[in-house]
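A quick write-up on the structure given underneath.
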DNA sequence: GATGAATGAGTGTTCATTCAT
DNA sequence: GATGAATGAACACTCATTCAT
């Protein structure tokens, strides 16, 4: 019994190791330039064995997206402990800025994956990427709503759009300062909200 | 004499056809999923012949980025004919929105190319993509400056960042309405500027 | 004691399940397209466990051939209960025709396996397939001999050859009617025998 | 001009070399055990180059079947020069027997390919193999018809079925004498036809 | 004796790039 | 300068077989 549990645990751990490696390498190299061998090497797993856990490369991509979704959930779960919705949003922006070095180097994991996958004729794992981004938007909208800002969905769209834009620019220009500058602006924007009918962006 | 001119002209045309095809196909399929054979086919040029005009695939990618730069220049040149800088910026935003269907399908050409290229270890054609984006920012900054808005560079960053963000979201969610909504917001934002020292977006 | 007998019995049952599954799947898919995993799945046995019963895939193939030999023996044993040799042969032909749908879909199990295995450089399991076919020929020859037909071996060869030919054609043309037509002809041929020295086919 | 013709000719020759090699190797090793590398080696062509001429392995299989069809056409075209249909059929049988060594080693190319391909779920190149076999049957039927034998189609079926059966048995038993014996019987059978209402097989 | 997991050699296929004419 | 063909180094994926427990 202990044995089988151990083994099951080990297998689950390996799966997680592979998923984590996939998430990392796919973020760093993009989908098409990433080879299964590369992910396997990174995870310390022989190539052939990868296929015991994931039947195709696309499945690994999906798993990586799932990993990013889980990390997003962890992040928002942490933020949810803050009492004020506005503070949660502030903290979210600060989290984004704190990742500026990675973002400048590799872009936002979700954004860059979505951009690459979105061009496929069959939009297979692309929809998954979109769903995770929408999850972020939904969470943000919930905060705006709790905070009683009018048109919370529009504000969520603006916020997430701004995040994707600043991440892309930071990446394209290889300049983490973009994140700092735009992050600061977003914080000011948050502060300005509800101060009146509000000029949004 | 006439002959050699003809030939030179023909060659230049072929080069242009290849560049245009590269710009289109790379936008639609992304860099890694695009094959030289595909570009050649699209341009009506035999594969082997491509190498007479471009030594490597990367050079074709660079040429495609050059094509996008040229189109950007044409666009801004057209906008420059408008007398008021604010109207130029408004027209720019309207141009973005008018491309919403293509953007929802394939993303912003510059943004998606930059995202894909930016991950390469040797940032070879990535820098080119960044340069074109910066060119757009510079033009925008010039408008804000001409309009006498304080901190024109920050405003340009915000504007272009917003464009990249809304393009990415429209693409990721396959929803052109994102472009319409955020475009309208940007126009309101423009209108609100100079109404005072202004909390920007 | 009971335990060990049970276990021995269970093991024997598993072996039989595997052999039966192998016979079926190898018939339906051919040797090379059949995977051990597929046989194991069909038999309800974990893959790793197969190797406890069969050291190699080839051994499973041999076991499948043994299964077909056993079925052949059962068939002829049943036919042997008929008093007249000619009736036994008639019944054999009728048995062949009754299998026409399966044969049109997958060919004769022995014939198709022999055809596929016969090309191997080392004729390892090929000889086994040939031996089973010869067993059928021997039984047929025995009937012709008991029936006192001259040159029973030649007649057996003709009969079995006709069976293999009609099976292959029915399979190649995916037409079970081939079995019906040629089966009827074989029956007429049987009836014509002993009507004299006889022009055979 | 000469150049381009030369090149076109060379390319066609290479294609033919590949097709011939494929026909040979597929006959000797079967479809599944044959690797593209093996065919390429046999044809003296680098592996990658094979794909310039054939997009998939299946296409090569089809080409090999086409090769066998062409050889069949050549054979029957030669036989058609004989004035009497019965002599054409006799010569056909003699041709079969003369191939007995190859047949005993590798089986009938069409028959074994049809047997292997016929099991595929998607009957892709299987239909092609069946079509070539039917072509042989059609030719044989035409001879019986010209010879004014009643029910020429049934006789053609019997003849070709006999050929496939004897080939399979010769192969399964690795005994070319099967071809000799059954070939002689077929000749006697031919002679017996029209000598009366005829006992067929 | 049973079993999920591991392993690695191969297989078809793609594609940027080069070559010969 | 043009072009069909050649080349070879990947790559994703499969599978018989072995291993550890």
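Protein chains in written order, with my numbering: chain A, 31 to 231; chain B, 31 to 231; chain C, 31 to 231; chain D, 31 to 231. We put the CB at the ideal spot given by N, CA and C, even for glycine. Please read these numbers as outputs of a predicted model, since none were measured by experiment.
Cβ-based neighbour list, residue 57 of chain A, same chain, cut-off 6 Å, excluding 5 preceding and 5 following | Close CB contacts of residue 57 of chain A within its chain, under the 6 Å cut and outside five residues either way in sequence, are with 136 and 139 (chain order).
State yes or no: is the beta carbon of residue 198 of chain D nearer than 8 Å to at least one beta carbon in chain C?
-> For residue 198 of chain D, the nearest beta carbon of chain C is closer than 8 Å to its own beta carbon.
Does the distance from the CB of residue 134 of chain B to the CB of residue 76 of chain B come in under 8 Å?
-> Cβ atoms of residue 134 of chain B and residue 76 of chain B: not closer than 8 Å.
Span of the alpha helix (DSSP H), counted from its first residue to its last, around residue 99 of chain D | Secondary structure note for residue 99 of chain D: its alpha helix (DSSP H) is the uninterrupted segment 87-110.
Residue 133 of chain A, enclosing alpha helix (DSSP H) - first and last residue = First-last of the alpha helix (DSSP H) with residue 133 of chain A: 130-136.
Burial state of residue 158 of chain B, where buried means 16 or more other Cβ atoms lie within 10 Å | Result: buried.
With distances taken from CA atoms, which of B/148, B/67, B/74 and B/103 is nearest residue 47 of chain B?
-> Closest option to residue 47 of chain B, Cα to Cα, is B/74.
For residue 177 of chain B, which option in B/155, B/221, B/50 and B/203 has the closest C-alpha, if you only look at C-alpha atoms?
-> B/221 is the residue among B/155, B/221, B/50 and B/203 whose C-alpha sits nearest the C-alpha of residue 177 of chain B.
Enclosing alpha helix (DSSP H) for residue 168 of chain B [first to last residue] = Counted as a single uninterrupted DSSP element, the alpha helix (DSSP H) harbouring residue 168 of chain B occupies residues 154-176.
By Cβ distance, which residues of its chain are closer than 6 Å to residue 90 of chain C, with the 5 residues on each side in sequence left out?
-> Listed in chain order, the non-local C-beta contacts of residue 90 of chain C below 6 Å within the same chain comprise 52 and 84, local neighbours out to five positions each way being set aside.
From A/93, A/118, A/175 and A/181, pick the residue whose C-alpha is nearest to that of residue 49 of chain A; which is it?
-> Shortest Cα-Cα distance from residue 49 of chain A to any of A/93, A/118, A/175 and A/181 involves A/93.
Identify each residue in the stretch 154-185 of chain D for which the Cβ-Cβ distance to at least one residue of chain C is less than 7 Å, and report them in chain order.
-> For the stretch 154-185 of chain D, the set of residues with a beta-carbon nearer than 7 Å to any beta-carbon of chain C comprises 159, 160, 163, 164 and 184, in chain order.
Nearest chain B C-beta to residue 59 of chain A closer than 8 Å, yes or no?
-> Between residue 59 of chain A and chain B, the shortest Cβ-Cβ separation is below 8 Å.
Could you spell out where the alpha helix (DSSP H) holding residue 72 of chain A opens and where it closes?
-> Secondary structure note for residue 72 of chain A: its alpha helix (DSSP H) is the uninterrupted segment 66-73.
Cβ of residue 188 of chain A less than 8 Å from any chain B Cβ?
-> Taking CB atoms only, residue 188 of chain A has a neighbour in chain B less than 8 Å away.
Compare the beta carbon distance of residue 186 of chain B and residue 170 of chain B with 8 Å and say whether it is the shorter of the two.
-> Yes, Cβ-Cβ distance for residue 186 of chain B and residue 170 of chain B is below 8 Å.
Where residue 131 of chain D falls, given that 16 or more other Cβ within 10 Å makes a residue buried | By the 10 Å Cβ count, residue 131 of chain D comes out exposed.
Chain B beta carbons: is any one of them nearer than 8 Å to that of residue 93 of chain A?
-> Cβ-Cβ to chain B under 8 Å: no for residue 93 of chain A.
Residue from A/127, A/144, A/68 and A/224 with nearest C-alpha to residue 175 of chain A = Considering only A/127, A/144, A/68 and A/224, the residue with the shortest C-alpha distance to residue 175 of chain A is A/224.
Please go through the same chain and pick out, in chain order, the residues whose beta-carbon is closer than 8 Å to the beta-carbon of residue 146 of chain B, but skip the five residues on each side of it.
-> Contacts found: 60, 61 and 62.
Spatial distance of residue 208 of chain A from residue 148 of chain B (CA atoms) | The alpha-carbon atoms of residue 208 of chain A and residue 148 of chain B are separated by roughly 15 Å.
How about residue 96 of chain D: is its C-beta nearer than 8 Å to some C-beta of chain C?
-> No - not a single Cβ of chain C is within 8 Å of the one on residue 96 of chain D.
Give the straight-line distance between the Cα atoms of residue 66 of chain C and residue 218 of chain D, rounded to the nearest whole angstrom.
-> Going by C-alpha positions, residue 66 of chain C is about 47 Å away from residue 218 of chain D.
Have a look at B/87, B/197, B/106 and B/109 and flag the residue whose alpha-carbon is nearest the alpha-carbon of residue 155 of chain B.
-> Taking residue 155 of chain B as reference, the option from B/87, B/197, B/106 and B/109 with the minimal CA-CA separation is B/87.
Count the other CB atoms within 10 Å of the CB of residue 104 of chain A; is the residue buried (16 or more) or exposed (fewer)?
-> It counts as exposed.
From the beta carbon of residue 87 of chain B, is the nearest beta carbon of chain A less than 8 Å away?
-> Judged by the 8 Å Cβ criterion, residue 87 of chain B is not in contact with chain A.
Proximity test, Cβ basis, 8 Å: residue 142 of chain A and chain B = For residue 142 of chain A, the answer is yes, since a Cβ of chain B falls inside 8 Å of its Cβ.
Going along chain A in order, which residues have a C-beta closer than 7 Å to the C-beta of residue 202 of chain B?
-> One finds 144, 148, 159, 160 and 163 in chain A with Cβ atoms closer than 7 Å to the Cβ of residue 202 of chain B, taken in chain order.
Rank A/182, A/55 and A/203 by C-alpha distance to the C-alpha of residue 162 of chain B and give the top, closest one.
-> Ranking the options by Cα distance to residue 162 of chain B, first place goes to A/203.
With a Cβ-Cβ cutoff of 8 Å, do residue 173 of chain D and residue 119 of chain D count as a contact?
-> The Cβ-Cβ distance between residue 173 of chain D and residue 119 of chain D falls below 8 Å.
Cβ-based neighbour list, residue 183 of chain B, same chain, cut-off 7 Å, excluding 5 preceding and 5 following | Excluding the 5 residues flanking it on each side, residue 183 of chain B has same chain C-beta neighbours closer than 7 Å at 171, in chain order.
Contacts that residue 131 of chain A makes with chain B (C-beta to C-beta distance below 7 Å) | Here the premise fails: no neighbours, minimum Cβ distance about 14 Å.
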